[in-house]
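Take 1 as the starting number for the sequence shown in the working numbering and just add one per residue. Glycine included, every Cβ here is placed at the ideal spot set by N, Cα and C. One structure is given below, encoded as structure tokens.
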Amino acid sequence: MKKKVIFNAGNIFKGGALQAAVNFIVINQSVIDENFEWYLIISNEVCLELKKLGIILNQNTLRLPGRSTKNKKALQQI
1 MKKKVIFNAG
11 NIFKGGALQA
21 AVNFIVINQS
31 VIDENFEWYL
41 IISNEVCLEL
51 KKLGIILNQN
61 TLRLPGRSTK
71 NKKALQQI
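In structure tokens, the structure reads:
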């Protein structure tokens with residue numbers, strides 16, 4: 001049985017944290033691991049950076065519009 005893992009980058013918008021999140025996702029997408037099922041929560045900024053790199057995300061990805069901590073609909077989706 002796969003373990004479910006959530007990576008929340010929905011509150012990352014700029015700077016070094018943005019680059020670190022993007023790099024983590026890029027590496028994560030390139031590794032096939034049968035033990036884990038990954039779910040990604042990403043901000044628009046993370047999504048844009050991933051698109052620039054040609055990374056196509058799967059259905060286990062939730063892209064949040066704006067600031068998730070101030071958006072009740074986004075919090076419900078999470």
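>> If distances are taken between C-alpha atoms only, which option among G15, A17, I25 comes closest to K51?
In response: I25
>> Quick check: the Cα distance between S30 and G54, rounded to an integer number of angstroms?
In response: 12 Å
> Three-state secondary structure (DSSP) at F13?
Replying inline: coil
>> Using a Cβ-Cβ cutoff of less than 8 Å, which residues in the same chain neighbour E34 once the five nearest sequence positions on both sides are dropped?
In response: K2
>> Just to confirm my understanding: we take N44, look at its own chain, exclude 5 residues before and 5 after, and list those with CB closer than 7 Å. What are they?
In response: R63, P65
> From G15, G16, K14, V46, pick the residue whose C-alpha is nearest to that of F7; which is it?
Replying inline: V46
> Quick one: is E37 buried, meaning 16 or more other Cβ sit within 10 Å of its Cβ, or exposed?
Replying inline: exposed
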